[in-house]
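Those protein sequences? They're chains A and B, same order as listed. Be aware that the first sequence starts at 717, since it is given in my numbering, and climbs by one per residue. Be aware that the second sequence starts at 717, since it is given in my numbering, and climbs by one per residue. I have placed the structure first, in the form of structure tokens, so that the comments after it can refer back to it.
There are 2 protein chains.
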Amino acid sequence: MITKNQIKYIKDLSQKSFRTQEKKFVVEGEKLLIELLQSEVTIDTIYALPTWADANPNVAVTIISEKELSRISQLKSPNKVLAVVYTFEDEIGDDLSNGLTLFLDRINDPGNFGTIIRMADWFGVNKIVCTSKSVDVYNSKVIQSSMGSVYRIPVFYVEPDTFFSQYKSQFPENAIIGAAMDGETLAEVNLPENGLLVMGSESHGISEEIESHVTKSVTIPNLGQAESLNVAVATGIILWEWRRG
Amino acid sequence: MITKNQIKYIKDLSQKSFRTQEKKFVVEGEKLLIELLQSEVTIDTIYALPTWADANPNVAVTIISEKELSRISQLKSPNKVLAVVYTFEDEIGDDLSNGLTLFLDRINDPGNFGTIIRMADWFGVNKIVCTSKSVDVYNSKVIQSSMGSVYRIPVFYVEPDTFFSQYKSQFPENAIIGAAMDGETLAEVNLPENGLLVMGSESHGISEEIESHVTKSVTIPNLGQAESLNVAVATGIILWEWRRG
């Protein structure tokens with residue numbers, strides 16, 4: 717049973733401003749709930765159909781009907797369970813950890829953003845840093861397409877100049893690699909163990925402001941006629957190359 | 717001006733069975749229309765807003781209103797122009813051309829399928845071959861996410877046993893590489909110039925029937941905790957590795 721106020725509250729969480737104010741977001745579906753329950757994320761409330769509740773007797777839930785689930789779900793085909801969850805810590809702090817870090821500039825497509833988080837999790841990226849011009853990490857499509865990796869890979873929104881100057885002063889030896897159409901051929905670039913990979917938008921590339929911080933531009937050569945590569949695919953290829961050994 | 721019958725006809729083209737019967741499909745939006753007009757694809761009718769028609773005076777169009785466009789469009793935000801187009805030749809024939817070929821088994825997500833077509837076009841893949849369990853190439857989301865590459869990369873639907881026996885008899889020396897969770901590490905595999913790359917579904921991998929034709933399985937090592945890689949990203953990484961030289 718769910719109240720009208722709860723329904724309104726959950727629906728309002730589809731808006732970024734309300735998520736920011738309430739410090740909560742929505743996670744949906746069986747697969748993501750399994751990962752959620754294994755994570756350290758703080759759960760507010762889980763709303764579930766009786767079948768899901770029966771199959772998960774140790775999880776505290778509010779039981780709802782299919783009709784109620786379809787009212788609060790943002791999915792076309794609502795999937796048994798929905799959780800309201802607290803957002804994570806979102807301050808990068810003064811002490812950046814070293815490793816392989818991803819910087820995303822103006823990545824607006826939530827599906828691509830979620831896929832990039834999932835891939836960062838595959839390749840052992842330590843964190844993702846974004847400008848405020850990238851999509852909100854708590855957008856439901858980002859959460860869905862990250863397939864649970866969003867619980868493991870911290871995503872920070874930063875003011876770029878401050879971040880880059882802090883990064884360069886802490887790790888003066890690290891490469892800051894940017895993907896571009898006119899850079900060095902990726903296979904020929906020497907990629908040291910630690911560093912920062914900067915990816916820009918598919919249509920507009922890396923913005924000038926961010927470009928000025930890049931120490932080397934790399935290119936995935938075009939052997940055919942496509943105008944561009946999907947940004948998630950391009951990120952995956954560069955991360956692979958960085959870690960292929 | 718568009719008639720009720722035309723509206724119904726275009727809307728019915730969102731169904732695979734009707735597309736197959738009529739041998740036509742729908743292409744939408746300015747960017748895809750530019751690529752369409754540069755391609756050798758046969759156009760049936762272009763429906764356009766007056767602004768698009770004015771900007772493209774040499775293109776024969778049926779002028780429609782915004783309201784009419786929104787009735788025939790499958791996009792959330794209809795974009796000025798929509799074309800009804802003839803499907804391409806869809807028989808692979810007896811004489812397979814050599815090169816780098818992609819075989820897709822059960823790729824059901826239209827966005828991933830379109831992204832893979834676009835990437836095949838980037839890496840110079842000569843054609844894509846699929847089982848009938850993959851999504852229809854004329855699905856509007858496939859067309860949109862292929863970004864025009866669908867006009868350049870032929871996609872064939874085949875009966876797998878027939879195809880593989882024909883492929884092996886024509887190119888007995890070629891590698892048939894399959895992506896798997898337990899194969900050889902990708903960076904250590906010797907990938908000859910020509911061959912076939914087999915990609916299965918994200919959730920279920922390559923089906924047993926197809927697996928039996930694979931001569932070598934390769935794996936992209938998991939350096940983190942994600943359960944799987946997006947299939948379009950995995951395809952991109954293997955194609956990159958194949959062509960990185």
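We put the CB at the ideal spot given by N, CA and C, even for glycine. Note that the structure is a prediction, hence the values are computed from the model and not measured.
Asked: Quick one: using the 10 Å Cβ neighbour count with 16 as the cut-off for buried, is ASP821 (chain B) buried or exposed?; Found: buried
Asked: Would ILE936 (chain A) and LEU902 (chain A) qualify as a contact pair, given that the criterion is a beta-carbon distance under 8 Å?; Found: yes
Asked: Pull up the DSSP beta-bridge partners for LYS849 (chain A), would you.; Found: Partner(s): none; LYS849 (chain A) has no beta bridge.
Asked: ASP728 (chain B) by DSSP, collapsed to three states: which one?; Found: helix
Asked: Tell me the rounded alpha-carbon separation between SER885 (chain B) and LEU812 (chain B).; Found: 10 Å
Asked: Could you run through the stretch 931–946 of chain A and flag, in chain order, every residue whose CB is less than 9 Å away from some CB of chain B?; Found: ILE936, PRO937, ASN938, LEU939, GLY940, GLN941, ALA942, GLU943, SER944, LEU945, ASN946
Asked: Please confirm whether ALA903 (chain A) has its beta-carbon closer than 8 Å to some beta-carbon of chain B.; Found: yes
Asked: Within the same chain, show all residues whose beta-carbon is closer than 7 Å to that of SER1005 (chain B), passing over the 5 residues directly before and after it, in chain order.; Found: Outside the displayed range of chain B (717 to 961) lies residue 1005 (chain B), so it cannot be described from this structure.
Asked: Note down, in chain order, all residues in the stretch 949–960 of chain A with a beta-carbon under 7 Å from any beta-carbon belonging to chain B.; Found: VAL949, GLY952, ILE953, TRP956, ARG959, ARG960
Asked: Give the interface partners of ARG735 (chain B) over in chain A, defined as CB-CB distance under 8 Å, in chain order.; Found: Those within 8 Å of ARG735 (chain B) in chain A number zero; the least Cβ separation is about 22 Å.
Asked: Whole-angstrom Cβ separation of VAL797 (chain A) and ASP760 (chain A), contact assumed at under 8 Å?; Found: Not quite, the Cβ-Cβ distance comes to about 14 Å (not below 8 Å), so this is no contact.
Asked: Which same chain residues, not among the five before or five after LYS727 (chain A), have their C-beta less than 7 Å away from its C-beta?; Found: ILE788
Asked: Can you confirm whether PHE887 (chain B), when its beta carbon is compared against all beta carbons of chain A, has any partner nearer than 8 Å?; Found: no
Asked: According to DSSP, simplified to helix, strand and coil, what is VAL858 (chain A)?; Found: helix
Asked: Taking C-alpha atoms, which residue in B:SER865, B:ILE762, B:PHE839, B:PRO826 lies nearest to TRP958 (chain B)?; Found: B:PHE839
Asked: When you check each C-beta in the stretch 821–843 of chain A against every C-beta of chain B, which residues fall closer than 8 Å?; Found: GLY827, THR831, ARG834, MET835, ALA836, ASP837, TRP838, PHE839, GLY840, VAL841
Asked: Given ASN795 (chain A), which residues of its chain have a CB within under 7 Å of its CB, disregarding the five upstream and five downstream residues?; Found: GLU744, GLY745, GLU746
Asked: Examine chain B for any beta-carbon lying closer than 8 Å to the beta-carbon of SER865 (chain A), and answer yes or no.; Found: yes
Asked: Quick one: list the residues of chain A neighbouring ARG868 (chain B), beta-carbon separation under 9 Å, in chain order.; Found: GLY940, GLN941, ALA942
Asked: Exposed or buried, SER848 (chain B), counting other C-beta atoms within 10 Å across all chains shown (16 or more means buried)?; Found: exposed
Asked: By DSSP, does VAL744 (chain B) sit in helix, in strand, or in coil?; Found: The amino acid occupying residue 744 (chain B) in the given sequence is Glu; Val does not appear at that position. Looking at GLU744 (chain B) - three-state DSSP - the assignment turns out to be strand.
Asked: Comparing alpha-carbon positions, which option in B:LEU913, B:ALA942, B:ASN938 lies nearest ASP898 (chain B)?; Found: B:ASN938
Asked: Count the other CB atoms within 10 Å of the CB of ASN824 (chain A); is the residue buried (16 or more) or exposed (fewer)?; Found: exposed
Asked: Which residue comes first and which comes last in the beta strand (DSSP E) that contains GLU904 (chain A)?; Found: Unbroken run through GLU904 (chain A): none, as it is neither H nor E.
Asked: For THR931 (chain A), which of helix, strand or coil comes out of DSSP?; Found: coil
Asked: Just to confirm before moving on: does the CB-CB distance between VAL947 (chain A) and ILE892 (chain A) stay below 8 Å?; Found: no
Asked: What is the residue span of the beta strand (DSSP E) that ASP825 (chain A) lies within?; Found: No beta strand (DSSP E) holds ASP825 (chain A); DSSP gives it neither H nor E.
Asked: Can we say the stretch 825–836 of chain B touches the stretch 855–864 of chain B, given the rule of at least three CB pairs closer than 8 Å?; Found: yes
Asked: With 16 as the cutoff for other CB atoms within 10 Å, does SER908 (chain A) come out buried or exposed?; Found: First, the amino acid is wrong: residue 908 (chain A) is Pro here, not Ser. It is exposed - the Cβ of PRO908 (chain A) has fewer than 16 other Cβ atoms within 10 Å.
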